[in-house]
Each structure stands twice: as C-alpha cells, then as structure tokens.
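In this text, residue positions in the sequence shown follow full-length UniProt numbering: the first is 11, and each later residue adds one. For each residue, glycine too, the CB sits at the ideal point set by N, CA and C. Note sheet for the following structure.
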Amino acid sequence: QHTLEIRGLRAGVQTKEGRKEILKGVDLTIHTGEVHAIMGPNGSGKSTLAYTLAGHPKYEVDGGEVLLDGQDLLKMKPYERARAGLFLAMQYPVEVPGVSMTNFLRTAVTEVQGSAPSLRQWVEELSTEMKRLRMDPKFAQRSVNEGFSGGEKKRAEVLQMELLKPKFTIMDETDSGLDVDALRIVSEGVNHAKDVNHFGVMLITHYTRILRYIHPDFVHVFADGHFVRAGGPELADELEESGYDQYLPEGVSESA
Ligand code: ADP
Ligand code: MG
Ligand code: MG
11 QHTLEIRGLR AGVQTKEGRK EILKGVDLTI HTGEVHAIMG PNGSGKSTLA
61 YTLAGHPKYE VDGGEVLLDG QDLLKMKPYE RARAGLFLAM QYPVEVPGVS
111 MTNFLRTAVT EVQGSAPSLR QWVEELSTEM KRLRMDPKFA QRSVNEGFSG
161 GEKKRAEVLQ MELLKPKFTI MDETDSGLDV DALRIVSEGV NHAKDVNHFG
211 VMLITHYTRI LRYIHPDFVH VFADGHFVRA GGPELADELE ESGYDQYLPE
261 GVSESA
C-alpha cells in the first residue's frame, strides 16, 4: 500500500494585480485503492491543487508539504513526480501538433518506467486499451489532442493513465463536457485501470453524476482554497440537493 499525504499546503500565482493566494492550507491523505471525490464551487482552487501537486511551474508553493510514501514531492521536477507514481488527467488537455499519440505515449511510458516496452508488447497493449475506450485505432497516428473533441481529449487522458500505471491519479473534471455514453466508457476505463493497478484516485468534479459510475469511498468539499467538510458517499447526494452556496462567501451565489 502507498500513501499520498498533503499537509498544510499553501500556494498561489503571480498576477498583473500582484500575488494571488489560492490554496490556503490543504490537508488530505490518500491510500492506494481509495477513491476520494473532491467537489466544490467553480474558482475555489481545485485545478490549482491538481497543478500544484503535478508541479506546474506557474503555481508557487508558500508552505506545507506533499509526501508520497514519505518522499518530498514538492522538491521534485514534474517528470520526477510522474516517475514517483503521480499522474494528472488535466481539465483542459493541451494539443501537441506534430507529435503522434503513439510516439508521445511510448515516450511517456519509457520515461516513467525507466525502459522502453518491447515493440510487440507495446502495440498490443495500446490497441487493447484503445479498444476498451472505444477509440478508433486511427487516433494512434494523429497528433496529440490536435482537433480532438472534448470527449476525445478526455479519453486520451484516460488512455495515458492506463498505460502509465500510476500509484495515484488526479482526475480534474474528466467528466465535464462528456455525454452519457462517453461518461460511461471513460468511467469503465478508470474502474478497470483501478482494478488492475490498485491506484488511489483524487476525483475532482463539479457534478455528482460521475460518482454513479466511479464510486467514492470519501467525499470532500473544497471551497475558498481548502477543504471545509468530509464525509462518505452520502455527502455527494446532499450536495446535489443543496448546492455549494452555503460554502461560498457571503453575498456570492453559484446559481446566480
Ligand atoms: P477551480 O478549478 O476550482 O474552478 P482554479 O484552481 O481554476 O479553480 O482557480 C482558482 C482561482 O485562482 C480562480 O479565481 C482563478 O481565476 C485563479 N487562478 C488560477 N490559476 C490562475 C493563474 N494562472 N493566473 C491567475 N489566476 C489564476
Ligand atoms: Mg473551474
Ligand atoms: Mg478547475
């Protein structure tokens, strides 16, 4: 079993108007095999948490620590964090023109695992996982995410996760913009990868519907840069009913 521990994490960005504090003391512990749903209003800092964990240079850490099996992730470069077993499925995946999916994925797997998979094994695994996600085999030859629809980009993120076999995976609104069929296929892909690899999941979402497919062990409410509440799956149902307004600053309304 592996453990990801976030303690008192504070981070922000430099903007034209000056320094903006976004993460204001984040505490969370995840073990492999667990699914933690992280729900909260827009703009509360969920993506910032994901990017900060992955090591995006834009987000500067002001305090706290992040430990993967006791190893200090914050001291590592993004690729070292990936090697340590952390994966981020991005809310807005980036397009990489001129680099084919197959080359990109094989390079990523080689980087993370430390050696290249044999070509035969690679071709077979890629084709199996693409089939699982109902992706046309032609996608392997296309440039990474270039001209992909929203749903295709999310499938490509899950494909990458299946091939990289992380210890912990952060899924940042992987459900947003997916229709019901795509949501089910993507969720099945995640559940299958989780069954095989027993990773821990940080499932960031704004909506409860993905939780009907990927069942959380814990549900956390994230608002204004930190966790404000934790519970079991029943908390997601409560949020569905009551919304996030009660967690927003006075006078602000999500539904408005
Ligand atoms: P969420 O994912 O919960 O919607 P984000 O982490 O995307 O929230 O954003 C949290 C807050 O930080 C928002 O007010 C957003 O505008 C601001 N923010 C995030 N990234 C940047 C950035 N690179 N530059 C300036 N402001 C940012
Ligand atoms: Mg948002
Ligand atoms: Mg976000």
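Beta-carbon proximity of residue i to residue j, cut-off 8 Å
i: L84; j: V71; result: yes
i: S159; j: G108; result: no
i: M86; j: D182; result: no
i: V211; j: T184; result: no
i: R91; j: G124; result: no
i: T42; j: K163; result: no
i: R165; j: H202; result: no
Per DSSP, cross-strand counterpart(s) of residue i
i: E75; result: R17
i: A233; result: H236
i: A126; result: Paired residue(s): none; A126 is not in a bridge.
Spatial distance of residue i from residue j (CA atoms)
i: G80; j: Q24; result: 29 Å
i: M145; j: N113; result: 17 Å
i: D189; j: V238; result: 30 Å
i: V168; j: V200; result: 7 Å
i: T13; j: I40; result: 6 Å
i: R130; j: F149; result: 19 Å
i: A47; j: L213; result: 5 Å
i: Y254; j: A240; result: 14 Å
i: D247; j: S128; result: 46 Å
i: G95; j: K175; result: 8 Å
i: G74; j: G22; result: 13 Å
i: L63; j: E44; result: 18 Å
i: M140; j: E134; result: 10 Å
i: G50; j: D234; result: 9 Å
Assigned exposure category for residue i - 16 Cβ within 10 Å defines buried
i: A126; result: exposed
i: G157; result: exposed
i: S263; result: exposed
i: K30; result: exposed
i: R222; result: exposed
i: E244; result: exposed
i: Q170; result: buried
Residue i CB to nearest heavy atom of ligand 3 below 7 Å
i: S252; result: no
i: K164; result: no
i: E264; result: no
Any non-hydrogen atom of ligand 1 within 7 Å of residue i CB
i: V23; result: yes
i: I16; result: no
i: I220; result: no
i: S128; result: no
Residue i CB to nearest heavy atom of ligand 5 below 7 Å
i: T58; result: Ligand 5 is not among the ligands present in this structure, which contains only ligand 1, ligand 2 and ligand 3.
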